[in-house]
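Participant: Under UniProt numbering, the letters of the sequence shown match residues 1 to 292, in that order. Take this structure first; my questions come after.
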Amino acid sequence: MLIAAFELNQLINAHSSVENNALPLHIFDCRYALPTPTTADKPSYGKASFDKGHIPQAQFVDIDTMLTGTITATSGRHPLPTHTDFNVQLQAWGLYPNSKVIIYADKGNLFAARLWWMLHRWTNIPDVSLLDGGFTAWQDAKLPLSYALPTITASTHDFHFDDSAYVDMQTVQNEIAKKRTNFITDARSTSRFNGEPNAIDTVQGHIPGAVNYPCQQNIDEAGYFRPKDQLIAHFSSLVQHNAPKPILHSCGSGLTACHNAFSMELAGFDDYKIYIGSWSQWTKFTDNPIEQ
C-alpha cells in the first residue's frame with residue numbers, strides 16, 4: 001500500500017529498460033488545493049505544480065474533472081463520476097486490472113487517497129499504492145524531475161465498479177434515526193468539526209453521531225504515514241465500537257474521507273465505506289440535523 005521514493009525510482013528505471021514499456025506501471029500526480037467558495041475560479045494549483053516538475057512518467061490527475069461527476073443541487077462538491085465516464089477515463093490512462101499503480105500528492109497525500117480508493121476499492125484494481133511522504137519525499141531524496149508527458153497507449157478493458165464500497169445520504173440518515181454514536185468519522189480539522197467559521201464550509205458544524213478523526217492525525221510532521229502499530233491504536237476502539245457494522249468515513253466533500261479509509265486499511269481494518277456526499281451534501285438539505 002505504501003512505496004518509498006527510492007523504491008519508486010528503481011521501478012521507474014526498470015520500466016524504462018523494458019522494451020516497449022511492457023511493464024504495467026502507472027504513476028499519477030494528484031496535487032491539489034482545496035477551493036473555497038470565494039476562490040472557485042482560482043488557477044489550478046495542481047496543474048501548475050505538475051508543469052513545474054513532476055515524477056518521471058507521471059500523469060496529472062485533475063480531481064475536479066477526472067475524479068468528480070456532475071455537481072447538482074443535491075450532491076456534494078465531489079460526487080463520483082458515472083461508471084461510463086470513469087471507465088473512459090481509466091481507458092485513457094491506459095489502465096488494466098493488472099496494472100501497478102503509484103499515486104502521490106503533496107506532503108501527506110491528503111488528496112491522493114481519493115484516487116487510491118476509487119481504483120482499489122471502487123474499481124477493484126489490486127496493486128495500488130501511495131508514495132509515502134508524497135512529492136516532498138521525492139524532492140527530499142533529490143530524485144530526478146521530469147517536465148515531459150508520458151506516452152500512453154489507451155486501454156481497451158471495460159471495468160466494473162463496486163457501488164457497495166460507498167453509502168448515500170439516506171444510509172446516514174437511517175443510522176442517525178437509530179441514535180447511533182461514533183458510527184461515522186469526519187476527516188476535517190477539529191475547528192471545522194466544532195463549527196468554527198472557516199473559508200471552506202458554507203454551513204458550520206458536523207453530522208450527528210460523527211466522531212472527529214482529522215486526516216492529519218494519520219501522518220507525522222514530515223508527512224509520512226504513522227507506523228502500523230500507531231494506526232492500529234488510533235482506529236481500534238472505533239472498529240470495536242462499530243463491529244460488526246462497517247465504519248463510515250466522511251469529510252467536507254468526499255476527498256479526505258479516503259485518507260482515513262487508506263490509513264484504516266493500512267492498519268489492517270478493511271470494514272468501512274465512504275459517504276461520498278459528506279458535509280457538503282449534508283448541509284444542502286435543511287431538514288438534516290446538525291451538531292456543533
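We put the CB at the ideal spot given by N, CA and C, even for glycine.
(1) What does the Cβ neighbour count give for Lys273, buried or exposed, with the cut at 16 atoms within 10 Å?
(2) Mind checking whether His26 and Ser253 have CB atoms under 7 angstroms apart?
(3) Quick one: what's Ala48 bridged to in DSSP?
(4) Alpha carbon to alpha carbon, how far is Asn124 from Ala141?
(5) From the DSSP output, which residues share a beta bridge with Thr185?
(6) If you drop the 5 nearest sequence neighbours on each side, which residues of the same chain put their C-beta closer than 6 angstroms to that of Asp41?
(7) Hey, quick one: how far does the beta strand (DSSP E) through His26 stretch, first residue to last?
(8) With three or more beta-carbon pairs closer than 8 angstroms as the criterion, would you say the stretch 87-99 touches the stretch 152-164?
(9) At 3 residues or longer, what runs of the beta strand (DSSP E) sit wholly inside the stretch 259-290?
(10) For residue 311, which residues from the same chain have a beta carbon less than 7 angstroms from its beta carbon, with the 5 sequence-adjacent residues on both sides left out?
(11) Consult DSSP for Leu90 and reduce its assignment to one of helix, strand or coil.
(12) Name the two residues that bound the continuous alpha helix (DSSP H) containing Asp240.
(13) Would you mind reading off the limits of the beta strand (DSSP E) that contains Gln173?
(14) Between which two residues does the beta strand (DSSP E) holding Ile102 run?
(15) If the criterion is Cβ atoms closer than 7 angstroms, does the pair Ser278 and Gly76 meet it?
(16) Give me, in chain order, the residues of the same chain whose beta-carbon lies closer than 8 angstroms to that of Asp127; leave out the 5 immediate sequence neighbours on both sides.
(17) With H, G and I counted as helix, E and B as strand and the rest as coil, what does DSSP make of Leu115?
(18) Measure the alpha-carbon distance for Tyr248 versus Thr202 and round it to whole angstroms.
(19) To the nearest angstrom, report how far apart Asn174 and Thr185 are at their CA atoms.
(20) Going by DSSP, name the residue or residues bridged to His54.
(21) Pull up the distance between the alpha-carbon of Asn194 and that of Phe225, whole angstroms please.
(22) Per DSSP, which one or two residues make a beta bridge with Gln59?
(23) How many angstroms separate the CA atom of Leu80 from the CA atom of Gly69?
(24) Pop quiz: Asp132 and Ala4 are said to be a contact at Cβ under 8 angstroms. What is the actual Cβ separation, rounded to whole angstroms?
(25) Between which residues of its own chain and Phe50 is the CB-CB distance below 6 angstroms, once the five residues before and five after are set aside?
(26) Sort Pro289, Gly134 and Leu34 by Cα distance to Lys179 and report the nearest one.
(27) Going straight from the alpha carbon of Pro246 to that of Pro208, what length do you get?
(28) Between Arg31 and Leu255, how many whole angstroms is the CB-CB distance? I'm expecting something under 8 angstroms.
(29) Let me confirm a value: Asn170 is counted as buried when at least 16 other C-beta atoms fall within 10 Å, else exposed. Which label applies?
Facilitator: This is what the structure gives:
(1) Label assigned to Lys273: buried.
(2) no
(3) Bridge partners of Ala48: none, in fact.
(4) 32 angstroms
(5) Per DSSP, Val211 and His249.
(6) Reliability fails at Asp41, whose pLDDT of 47 lies under 50, so the model's placement of it is uncertain and no value is given.
(7) It spans Leu25 to Asp29 - the beta strand (DSSP E) in which His26 sits, taken as one unbroken run.
(8) yes
(9) Counting only runs that start and end inside the stretch 259-290, the beta strand (DSSP E) elements of at least 3 residues fall at 272-275.
(10) For residue 311 there is no data in the structure shown, the boundaries of the chain being 1 and 292.
(11) helix
(12) Checking the displayed sequence, the identity of residue 240 turns out to be Gln instead of Asp. From DSSP, the alpha helix (DSSP H) with Gln240 extends over Lys228 to Asn242.
(13) It is not in any beta strand (DSSP E) - Gln173 instead sits in the alpha helix (DSSP H) that spans Met169 to Ala177.
(14) DSSP places Ile102 in the uninterrupted beta strand (DSSP E) bounded by Lys100 to Tyr104.
(15) Yes, the Cβ-Cβ distance between Ser278 and Gly76 is below 7 angstroms.
(16) Sequence-distant partners of Asp127 (beyond 5 residues in either direction) whose C-beta falls short of 8 angstroms from its own C-beta, in its chain, are Asn98, Ser99, Lys100 and Val101.
(17) Three-state DSSP puts Leu115 in a helix.
(18) One point to set straight first is that residue 248 is Leu, not Tyr, in the sequence displayed. Roughly 23 angstroms between the two C-alpha positions.
(19) 16 angstroms
(20) Ser146
(21) 25 angstroms
(22) Phe28
(23) 5 angstroms
(24) 6 angstroms
(25) Asp29 and Phe60
(26) Pro289
(27) 17 angstroms
(28) The Cβ separation is near 13 angstroms, so there is no contact.
(29) Here residue 170 turns out to be Gln, not Asn, going by the sequence shown. The residue is exposed, with fewer than 16 neighbouring Cβ atoms inside 10 Å.
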